[in-house]
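Step one of this worksheet: look at the structure below.
Residue numbers (the UniProt record's numbering): 1 to 288.
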């Protein structure tokens, strides 16, 4: 296991830090990244069933571009399933935050539905809060201090923000636990709502319709299976796709890459290092 992790770090070309403690806010995960490469970085933002915040600090260049050619510089928020997005830059240092959509509205101050399949400047949402936390992160002596600062900000914002309906949170949890393999009609019956009411409330509070959310969760599980070296035919069968062609179409739709290209992409290698569970200790994992 240890040698496998080191190999992935070499491919990923990042130093990665993770906190040794869980966030004060349920549904929040943190990781720190420092570009350890000798040249420009160009990696995809692989869709994940979470709203992604990137808070960059330092003197590096950080640009995100989407399939339309639109570019966003600096700290950003990526909604659920933002499409084929790539992160480019040099000497990048940042804290990345993954927010469950159940808490994203409260933390961000904007409904995730307004972020559907898009990337926006975090400054547009946080204003002075962003300027303050970037300065604090740059001045902090360690990753542990940076995580504590970021987590405190997220907790403060969460305390004053709106809550999603308990029924919506329950449906989201069921989709995640089932890895996207659950009938939406059954979930509506489970919470005592009509399918129309569930669709409307879930879409407005989470940012995607329930079926699309289930598709995203299923894709993410399949992507990690592909990255682990599993055969595409087996992944398609195990993850609930009709066949391999169905899996192929969905991977292309979410990432703009074929399954074989996605499986070897360093973006997933970075992901496995940064978000692996459980968190055993804090430390910067350096490439070898």
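Glycine residues also receive a C-beta, built at the ideal position from the N, C-alpha and C atoms. Keep in mind it's a predicted model, so treat the numbers as computed, not measured.
**Reference residue 42, options 274, 270 and 275, closest by Cα** = Among 274, 270 and 275, the Cα nearest to that of residue 42 belongs to 270.
**Message:** Once DSSP output is grouped into helix, strand and coil, what is the label at residue 50?
**Reply:** Correct three-state label for residue 50: coil.
**Prompt:** When you compare each of 264, 258, 260 and 251 to residue 48 by their alpha carbons, which one comes out closest?
**Reply:** That would be 251, whose Cα lies nearest to the Cα of residue 48.
**Asked** Of the choices 81, 44, 32 and 102, whose alpha-carbon is the least far from that of residue 26?
**Response** 102
**Request:** For residue 31, name the three-state secondary structure that DSSP assigns.
**Result:** strand
**Request:** Just the C-alpha distance for residue 44 and residue 129, rounded to the nearest angstrom, thanks.
**Result:** 27 Å
**Message:** Once DSSP output is grouped into helix, strand and coil, what is the label at residue 24?
**Reply:** Of the three classes helix, strand and coil, the one that applies to residue 24 here is coil, per DSSP.
**Request:** Mind listing, in chain order, the continuous alpha helix (DSSP H) runs of no fewer than 4 residues lying wholly within the segment 118-152?
**Result:** Listed in chain order, the complete alpha helix (DSSP H) runs (minimum 4 residues) inside the segment 118-152 are 122-126 and 128-139.
**Item:** Pair within 9 Å by beta-carbon distance, residue 14 and residue 34
**Value:** yes
**Message:** Helix, strand or coil for residue 57? Go by DSSP, reduced to three states.
**Reply:** coil
**Distance between residue 138 and residue 58 (C-alpha atoms, nearest Å)** = Spanning the two alpha carbons is a distance of roughly 6 Å.
**Asked** Alpha carbon to alpha carbon, how far is residue 163 from residue 266?
**Response** Their Cα atoms are separated by approximately 36 Å.
**Prompt:** Do residue 46 and residue 97 have their C-beta atoms within less than 9 Å of each other?
**Reply:** no
**Message:** I need the DSSP call for residue 267, collapsed to helix, strand or coil.
**Reply:** helix
**Length-filtered (4 minimum) alpha helix (DSSP H) runs lying within the segment 176-257** = 184-191, 195-206, 210-227, 232-238 and 244-255
**Request:** Go through its chain and collect everything with a Cβ distance to residue 181's Cβ below 8 Å, but skip five positions before and after it.
**Result:** 214, 218, 239 and 240
**Asked** Taking the alpha-carbon positions, what's the residue 194 to residue 151 distance?
**Response** Residue 194 and residue 151: Cα-Cα distance of roughly 37 Å.
**Backbone CA spacing between residue 168 and residue 72 [nearest angstrom]** = 31 Å
**Request:** Classify residue 44 as helix, strand or coil using the three-state DSSP reduction.
**Result:** strand
**Asked** When DSSP builds the beta bridges, which residues end up paired with residue 14?
**Response** 35
**Prompt:** Just checking, does the segment 216-235 make contact with the segment 254-263 on the three C-beta pairs under 8 Å criterion?
**Reply:** yes
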